[in-house]
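What follows is a single structure, written as structure tokens, with notes after it.
Residue numbers (the working numbering): 9 to 121.
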């Protein structure tokens, strides 16, 4: 066995990658190494584990200047009694808005005519 074979700097991560979630921001800060970098759908470990076999990364969302949403009355949602409510269908609708990158759901006034 060579004397430097077990050193961290000599570890071969080959093509080992971390598959990142789809909604994660591209830019990240490595707090242990005091550096910033970017990654897309995959993060190769050779890029992160150069001197230490662990990392503390913070993926920061970009500040948005604009946002989109939907104007829709709650009665437009499907429900058990056909009049719409803030039940499971509202949660599903909010999940849909979030997945499509929308931020706002403006609910029309809910007062009697």
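Think of the CB as a built atom: it goes at the ideal place given N, C-alpha and C, for glycine as much as any other residue.
Because the structure is a prediction, the values reported are computed rather than measured.
- The C-beta distance from residue 98 to residue 79 rounds to 15 Å, too long to fall under 8 Å, and the pair is not in contact.
- With 16 or more neighbouring CB atoms inside 10 Å of its own CB, residue 51 falls in the buried class.
- A residue is called buried when at least 16 other Cβ atoms come within 10 angstroms of its Cβ; residue 31 does not meet this threshold and is exposed.
- Pairing residue 45 with residue 55 gives a Cβ-Cβ distance under 9 Å.
- The DSSP-derived three-state label of residue 97 is helix.
- In this structure, the alpha-carbon of residue 53 lies about 13 Å from that of residue 38.
- Residue ranges of uninterrupted beta strand (DSSP E) with 3 or more members, entirely inside the segment 54 to 92 and ordered along the chain, are 65 to 67, 77 to 79.
- Contact between residue 76 and residue 110 holds: CB atoms are separated by about 5 Å, below the 8 Å threshold.
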